[in-house]
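Residue numbers (this note's numbering): 3 to 125.
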């Protein structure tokens, strides 16, 4: 479904379903600029969620956004564009599989945390 590079990028840079959804909304028309209110309305999210998502996308090098200025999709490198394109294509074909791949890293972290408190013999 996804290459190893795309899977790693998805799990470590995209991180959440909200981030993925908003990224794909922005990517649909890379020349369009969005206000925060427009993104909230389109994604059916909230100001708090959007703030977190925009911080993640900015850190990942996937958007132009500074303060209250309009927001638009823009990958910082051709490699990032290729990875996002691969993820978008997989999301269009098999959204449940992409969501499962995205969430699997979180499940692993929870399991590792729980295992740290396991009482008894470890094998």
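For each residue, glycine too, the CB sits at the ideal point set by N, CA and C.
Cα-Cα separation, residue i to residue j
i: residue 106; j: residue 37; result: 32 Å
i: residue 18; j: residue 80; result: 23 Å
i: residue 82; j: residue 39; result: 26 Å
i: residue 44; j: residue 101; result: 20 Å
i: residue 89; j: residue 14; result: 13 Å
i: residue 9; j: residue 63; result: 17 Å
i: residue 94; j: residue 56; result: 22 Å
Residue closest to residue i, alpha-carbon to alpha-carbon, out of the options
i: residue 11; options: 86, 50, 102; result: 86
i: residue 72; options: 27, 41, 25; result: 41
i: residue 21; options: 84, 91, 61; result: 61
i: residue 31; options: 77, 9, 55, 97; result: 77
Buried or exposed by the 16-neighbour rule on C-beta atoms within 10 Å, applied to residue i
i: residue 53; result: exposed
i: residue 33; result: exposed
i: residue 49; result: exposed
i: residue 67; result: buried
i: residue 92; result: buried
N-terminal and C-terminal residue of the alpha helix (DSSP H) that residue i is part of
i: residue 40; result: 38-45
i: residue 34; result: Residue 34 -> no alpha helix (DSSP H), and no H or E assigned at all.
i: residue 84; result: 80-95
i: residue 18; result: Note, residue 18: premise wrong, no alpha helix (DSSP H); not H, not E.
i: residue 10; result: 6-11
i: residue 52; result: 49-61
Integer Cβ distance of residue i from residue j, believed to fall under 8 Å
i: residue 4; j: residue 103; result: 6 Å
i: residue 51; j: residue 59; result: Going by Cβ atoms, the distance from residue 51 to residue 59 rounds to 12 Å, so no, they are not a contact pair.
i: residue 28; j: residue 84; result: Residue 28 to residue 84, Cβ: 17 Å. No contact.
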